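-10 is the number of the first residue of the sequence shown in my numbering; add one for each residue after it. By construction, the Cβ of each residue, glycine as well, lies at the ideal position given by its N, Cα and C atoms. Predicted, not measured: the structure shown is a model, and the values here were computed from it.
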Amino acid sequence: MDRLAIVVPCYNEEEVLEICSEALREVLSDLQGKGKISEDSFVLFVNDGSKDKTWELIEKEHEKYPDKIKGVKLAGNVGHQFALTAGLITAKDMCDISVSIDADLQDDVAVIEEMVDKYHEGKDIVYGVRKKRTTDTFFKRVTAEGFYKFMSFMGVKTVYNHADFRLMSKRALEQFAEYKETNLFLRGLVPLIGYETDCVYYDRKERVAGESKYPLKKMLALAFNGISSFSVKPITFITTLGLIIIIMSVLAAVYALISYFTGHVTEGWTSLILSIWFLGGVQLLCIGLIGQYIGKIYIEVKNRPRYNIEKVI
Ligand code: UDP
Ligand code: MG
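Next comes the structure, spelled out in structure tokens:
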């Protein structure tokens, strides 16, 4: 029987923790009753340096349900992505299946069963995907959807409208642990793991209580981190821009020379214009070129696994 670990990062979630614990314990009992997961399955709360009573509540839940509720206390606040990673890496050696979910229960706990079913059908990664965003504010919806589109434009493969609600099997977690990069963007990283994947769809709800720990500033940082950790496209844009400006400098040259010979110009203007355009283009091109090498160094430094073998026969 497979042991399930539900990993929940928590930052200042005292208002939702008990509700969350109860909902997830119910999911565990339900799945255990149906014989889909083992009796020693558990919920793993990761306290991400909360300033409120979150950790005390986790300890209390653990005392009440020592087998079902486990906790990890991080030494300080490291942010959602790292907190979740800490939980997944900790769970890796204790479980056969992991499901990551936010503490605020915005993601539908009812589809965890569907995820586990897909796992039993042989999938290693199952993404939870939002159907529509009716509960989000207009602003959140537009920025979030724009974010996924922009990511794919920048060449970062992500699953559209999937946040960090997903199932990963033990071997997917083991492969995930091979990615040791510090600039972590899970939504871009997990698709690199490969294996058989699938999606389950659900409606995203309102937060049960408390407020969002992802203000616009953090969202923008996440987006920038996502792009800069996965794509060297911005550097390529610089190179292209340099090339375009060099081509434009030819046009500028023609225009400047015509003006010069028709005699409508102040002395010195022609040579200035020619140098500005041409040199500007050359400089950008060179910066882009150097950038290409830096991009390569960046990719080398990440030291990602070069491939992941699924099967040998
Ligand atoms: N979270 C965390 N560390 C942080 C910020 C958030 O562990 O520094 C957790 C938070 O407790 C929640 C999840 O990340 O379980 C998602 O945060 P939130 O629900 O506030 O984000 P939103 O759903 O508004 O995007
Ligand atoms: Mg939330």
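Enclosing beta strand (DSSP E) for residue i [first to last residue]
i: methionine 157; result: 151 to 158
i: lysine 59; result: 58 to 62
i: aspartate 306; result: With the chain running from -10 to 302 in the structure shown, residue 306 is simply not present.
i: glycine 117; result: 114 to 119
i: isoleucine 86; result: 86 to 89
Residue environment, residue i, which counts as buried when at least 16 other CB atoms sit within 10 Å
i: methionine -10; result: exposed
i: aspartate 96; result: buried
i: alanine 64; result: exposed
i: aspartate 113; result: buried
i: proline -2; result: buried
i: asparagine 292; result: exposed
i: glutamine 272; result: exposed
i: glycine 60; result: buried
i: alanine 166; result: exposed
i: arginine 295; result: exposed
i: alanine 99; result: exposed
i: cysteine 275; result: exposed
i: threonine 251; result: exposed
i: alanine 210; result: exposed
i: glutamate 28; result: exposed
i: isoleucine 101; result: buried
i: valine 305; result: Absent from the model: residue 305. The displayed extent of the chain is -10 to 302, so no value can be given.
i: tyrosine 312; result: With the chain covering only -10 through 302, there is no way to say anything about residue 312.
i: glycine 257; result: exposed
i: glutamate 50; result: buried
i: isoleucine 262; result: buried
i: glycine 215; result: buried
Three-way DSSP call (helix, strand, coil) for residue i in this model
i: leucine -7; result: strand
i: valine 16; result: helix
i: leucine 33; result: strand
i: proline 55; result: coil
i: proline 180; result: helix
8 Å contact criterion, which residue i and residue j should meet: CB distance rounded
i: methionine 143; j: serine 18; result: 43 Å between Cβ atoms; not a contact.
i: alanine 72; j: aspartate 37; result: 4 Å
i: serine 87; j: valine -4; result: 6 Å
i: glutamine 70; j: phenylalanine 139; result: With a Cβ gap of about 18 Å, glutamine 70 and phenylalanine 139 do not count as contacting.
i: alanine 80; j: leucine 6; result: Contact flag wrong, Cβ pair sits at about 18 Å.
i: asparagine 150; j: arginine 119; result: 5 Å
i: leucine 246; j: threonine 259; result: 7 Å
i: phenylalanine 31; j: lysine 62; result: No, phenylalanine 31 and lysine 62 are not in contact; Cβ-Cβ is about 16 Å, not under 8 Å.
Separation of residue j from residue i, as counted between CA atoms
i: arginine 14; j: isoleucine 302; result: 40 Å
i: glycine 270; j: serine 217; result: 24 Å
i: glutamate 3; j: glycine 280; result: 46 Å
i: serine 89; j: glycine 135; result: 24 Å
i: alanine 242; j: valine 131; result: 44 Å
i: lysine 206; j: asparagine 66; result: 16 Å
i: aspartate 85; j: valine 16; result: 17 Å
i: valine 35; j: isoleucine 298; result: 31 Å
i: leucine 278; j: isoleucine 227; result: 9 Å
i: glycine 177; j: glutamate 163; result: 17 Å
i: glycine 231; j: alanine -6; result: 51 Å
i: lysine 53; j: lysine 285; result: 52 Å
i: arginine -8; j: methionine 83; result: 8 Å
i: histidine 253; j: tyrosine 244; result: 12 Å
i: methionine 104; j: tyrosine 282; result: 42 Å
i: aspartate 153; j: aspartate 125; result: 17 Å
i: lysine 222; j: methionine 157; result: 29 Å
i: serine 200; j: glycine 68; result: The displayed chain sequence assigns glutamate, not serine, to residue 200. Using only the alpha carbons, I get a separation of about 16 Å.
i: threonine 255; j: threonine 225; result: 38 Å
i: isoleucine 47; j: glycine 76; result: 14 Å
i: lysine 300; j: glycine 111; result: 13 Å
Start and end residues, alpha helix (DSSP H) containing residue i
i: threonine 251; result: 222 to 251
i: leucine 205; result: 205 to 219
i: valine 131; result: 127 to 142
i: glutamate 299; result: It is not in any alpha helix (DSSP H) - glutamate 299 carries neither H nor E in the DSSP assignment.
i: glycine 260; result: Before going on, a small fix: residue 260 reads as serine here, not glycine. Unbroken alpha helix (DSSP H) run through serine 260: 258 to 291.
i: aspartate 82; result: Taken as a continuous stretch (DSSP letters only), aspartate 82 belongs to no alpha helix (DSSP H), as it is neither H nor E.
i: tyrosine 168; result: Taken as a continuous stretch (DSSP letters only), tyrosine 168 belongs to no alpha helix (DSSP H), as it is neither H nor E.
i: glutamate 108; result: The sequence given here has tyrosine at residue 108, not glutamate. First-last of the alpha helix (DSSP H) with tyrosine 108: 101 to 109.
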